[in-house]
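The numbering of the sequence shown is the numbering used here, which starts it at 73 and goes up by one. No residue lacks a Cβ here, since even glycine has one placed at the ideal position from N, Cα and C. These numbers were taken from a predicted model, which means no experiment stands behind them. Notes to accompany the following structure.
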Amino acid sequence: MSETTEDQLLGGRVRLRQPREGFRAGLDAVMLAAFVPARSGERVLEAGCGSGAAFLCLAARVPGLDVAAVEREPSMAALARANAAANGVTARVEDGDVADPAMARSLGPFHHALANPPFWPGGTPPPGAIRRAATHESDAGLDAWASFLAAGLKRGGTASMILPAARFDAGIAALRGAGMGATLLLPLVPRDGMEAKRVLLRGRKGAKGPARILPPLALHLADGTFTLAVEDVLRGAAPLGPG
73 MSETTEDQLL
83 GGRVRLRQPR
93 EGFRAGLDAV
103 MLAAFVPARS
113 GERVLEAGCG
123 SGAAFLCLAA
133 RVPGLDVAAV
143 EREPSMAALA
153 RANAAANGVT
163 ARVEDGDVAD
173 PAMARSLGPF
183 HHALANPPFW
193 PGGTPPPGAI
203 RRAATHESDA
213 GLDAWASFLA
223 AGLKRGGTAS
233 MILPAARFDA
243 GIAALRGAGM
253 GATLLLPLVP
263 RDGMEAKRVL
273 LRGRKGAKGP
283 ARILPPLALH
293 LADGTFTLAV
303 EDVLRGAAPL
313 GPG
């Protein structure tokens, strides 16, 4: 593990220690957590939790969750455990791999599952093993991530992911292939009138309803500051999307 920094998310509600170099959590983790329609008392699973940013943001927004997380890199799993303790969040963080859906079943069942999976199947990976594992698919592609999320869910439970917009079709196909229906897609656009750069996806296990595309959410105003809706998420821990 390289030297770490301590950062704050959700207007200081979450203290996050993470590597100074390599993959660093930020906006994607916060937006993903906001998209999970969890309620107090429910069980939640995060796959590939890294330093714990997403599940910590979710727990800060929805107190009383029963949280479990899986992370392949032992050093990051240890950091997630330390971050959970520092934030007063009870979370079971296991060393494990999404290539093993039996692990998700053994930890479950859950009401909700979430992941910010490695999303690029090819291209030039960034330097550093941890950062490379966070952005580029290895043996486990999106199908494996969706299957892992679905394996731990109760029937009717939700699985949420954040992906580059260029991979929304692969993400929807992966969720459907894992038995997730009634898919929701929320495009995240840099500014009004621009194409989406990221998308939030959510499916429901065993659901038969049609797919829906929600109105796009603009992240920034013309001057580069965050829109009020995004400020509500980043500072006020507001939820995104329908419950």
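### Message
Whole angstroms are fine: how far does the CA of residue 298 sit from the CA of residue 261?
### Response
As a working note, residue 261 is residue 189 in the sequence shown. As a working note, residue 298 is residue 226 in the sequence shown. Distance between the alpha carbons of residue 261 and residue 298 is about 12 Å.
### Task
Evaluate residue 119 with the Cβ neighbour count: other Cβ atoms within 10 Å of its Cβ, from every protein chain shown; 16 or more gives buried, anything less gives exposed.
Taking the first residue of the sequence shown as 1, we reach residue 119 at position 47. By the 10 Å Cβ count, residue 119 comes out buried.
### Message
Checking the sheet assignment: what are the DSSP bridge partners for residue 88?
### Response
On the sequence shown, position 16 is the one that residue 88 refers to. Answer is 79.
### Task
Note down, in chain order, each residue of its chain lying with its Cβ closer than 7 Å to the Cβ of residue 247, except the 5 sequence neighbours on either side.
Indexing the sequence shown from 1 puts residue 247 at position 175. For residue 247, where only same-chain residues beyond five positions count, the Cβ hits under 7 Å are 218, 231, 255, 273 and 275.
### Query
With 16 as the cutoff for other CB atoms within 10 Å, does residue 109 come out buried or exposed?
The sequence position of residue 109 within the sequence shown is 37, counting from 1. Flag for residue 109 reads buried.
### Task
Below 6 Å CB to CB, which residues in the same chain sit around residue 264 once its five sequence neighbours on both sides are set aside?
If you number the sequence shown from 1, residue 264 lands on position 192. These residues qualify, in order along the chain: 290.
### Task
State buried or exposed for residue 111, treating a residue as buried only when at least 16 other CB atoms are found within 10 Å of its CB.
On the sequence shown, residue 111 is found 39 positions in, with the first residue counted as 1. Under this definition residue 111 is an exposed residue.
### Task
Please classify residue 285: is it buried, with 16 or more other beta-carbons within 10 angstroms of its beta-carbon, or exposed?
The count along the sequence shown starts at 1 and reaches residue 285 at position 213. By the neighbour-count rule (16 or more Cβ atoms within 10 Å), residue 285 is not buried but exposed.
### Message
Just to check my reading of the structure: residue 305 and residue 102 have Cβ atoms closer than 8 Å, yes? What is that Cβ distance to the nearest angstrom?
### Response
Here residue 305 is taken as the residue at index 233 of the sequence shown, counted from 1. Here residue 102 is taken as the residue at index 30 of the sequence shown, counted from 1. Yes, residue 305 and residue 102 are in contact; Cβ-Cβ is about 6 Å, under 8 Å.
### Task
Give the range of the beta strand (DSSP E) segment to which residue 275 is assigned.
To locate residue 275, count along the sequence shown from 1; it is residue 203. Run containing residue 275: 270–277, per the beta strand (DSSP E) assignment.
### Task
Please list, in chain order, all residues of the same chain as residue 296 whose beta carbon is under 6 Å from its beta carbon, the five residues on each side excluded.
If you number the sequence shown from 1, residue 296 lands on position 224. Excluding residues within five positions, none has a Cβ falling inside 6 Å.
### Task
Since I believe residue 129 is in contact with residue 165 (beta carbons under 8 Å), could you give me their beta-carbon distance rounded to a whole number of angstroms?
Indexing the sequence shown from 1 puts residue 165 at position 93. Indexing the sequence shown from 1 puts residue 129 at position 57. No, residue 165 and residue 129 are not in contact; Cβ-Cβ is about 15 Å, not under 8 Å.
### Query
Helix, strand or coil: which one does DSSP assign to residue 161?
Counting from one through the sequence shown, the residue named residue 161 turns up at place 89. Reduced to three states, the DSSP call for residue 161 is coil.
### Query
Between residue 184 and residue 114, which are expected to be in contact by the criterion C-beta below 8 Å, what is the C-beta distance as a whole number of angstroms?
The count along the sequence shown starts at 1 and reaches residue 184 at position 112. The count along the sequence shown starts at 1 and reaches residue 114 at position 42. Indeed, because the Cβ distance is near 7 Å, the residues count as touching under 8 Å.
### Task
Starting from the N-terminal side, write out each stretch of the beta strand (DSSP E) that is 3 residues or longer and does not extend beyond the stretch 85–145.
86–91, 115–119 and 138–143
### Query
Could you give the residue range of the alpha helix (DSSP H) that holds residue 266?
Mapped onto the sequence shown, residue 266 falls at position 194. Looking at the DSSP string, residue 266 is not in any alpha helix (DSSP H), and its letter there is neither H nor E.
### Query
Can you tell me whether residue 92 is buried or exposed, with buried defined as 16 or more other CB within 10 angstroms of its CB?
Locating residue 92 in the sequence shown gives position 20, where the first residue counts as 1. Its Cβ having fewer than 16 others within 10 Å, residue 92 is exposed.
### Task
Take residue 98 as the anchor and find which of 307, 137 and 168 has the nearest alpha-carbon.
Here residue 98 refers to the residue found at position 26 when the sequence shown is read from its first residue. Among 307, 137 and 168, the Cα nearest to that of residue 98 is on 307.
### Query
In terms of residues, what are the limits of the beta strand (DSSP E) holding residue 228?
Position 156 of the sequence shown, counting from 1, holds the residue named residue 228. Taken as a continuous stretch (DSSP letters only), the beta strand (DSSP E) holding residue 228 covers 225–236.
### Task
Go ahead and pull the three-state DSSP assignment for residue 261.
Locating residue 261 in the sequence shown gives position 189, counting from the first residue. Strand.
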